[in-house]
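Shown next, in structure tokens, is the structure this report addresses.
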Amino acid sequence: MSNATSCLNSNELSRLKSIHKESGEFYSRVKFDCKSTNKNAQKICASQEHKLIAEILLRTDIYNYENATHTQLTGSTYKAEYNSSFKWLTKQFDNCSQLKSSLIDILSISIWAN
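For the sequence shown, the residue numbers in this note's numbering are 1303 to 1416.
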């Protein structure tokens, strides 16, 4: 995944961009941390499409938490949930096929996938 070769076809990439835009309407504050020194985070950040998938996954996790608890995450609670999701994400996804698989899952259940 360290190279920026696309693993998505044009239709998938178009849907990815649409979902990212929709998720950003309320969750634009949730960004993937490309300043992290985590190796997998750097691999993800090497490709714009991988970064978009990762941001959608983070936004979905934050949304799910807020939806389940009926509270908006702020401050240290937000930071803890973000860090937990970021850590899980960077351990789970090491290559394009894993990210693409997660995108397919998102497309089937995401509130942002119309």
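Glycine included, each C-beta is placed from N, C-alpha and C at the ideal position.
**Q.** Glu1383 and Ile1364 closer than 8 angstroms at C-beta
**A.** yes
Q: Report the three-state DSSP secondary structure of Ala1348 (helix, strand or coil).
A: coil
**Q.** Nearest candidate by alpha-carbon position, reference Phe1328, set Cys1398, Thr1371, Thr1373, Arg1361
**A.** Arg1361
Q: Can you have a look at Ala1343 and say buried or exposed, based on whether 16 or more other CB atoms are within 10 angstroms of its CB?
A: buried
Q. Count the other CB atoms within 10 Å of the CB of His1372; is the residue buried (16 or more) or exposed (fewer)?
A. exposed
Q) Considering only residues of the same chain and omitting the five flanking positions on each side of Cys1273, which have a CB-CB separation below 6 angstroms? A) A query on residue 1273 cannot be resolved here, the shown segment of the chain reaching from 1303 to 1416 and no further.
Q: Can you tell me the Cβ-Cβ gap for Leu1405 and Glu1314, rounded? I've got them flagged as a contact below 8 angstroms.
A: 7 angstroms
Q) Leu1354 and Leu1318: beta carbons closer than 8 angstroms? A) yes
Q: Determine, using beta carbons only, whether Asp1335 and Phe1388 come nearer to each other than 8 angstroms.
A: yes
Q) What does a CB cutoff of less than 7 angstroms around His1322 pick up in its chain, not counting 5 residues either side in sequence? A) Leu1354, Glu1357, Ile1358
Q.
Measuring straight from C-alpha to C-alpha, what distance separates Glu1368 and Asn1311?
A. 32 angstroms
Q: Please classify Ile1358: does DSSP put it in a helix, a strand, or coil?
A: helix
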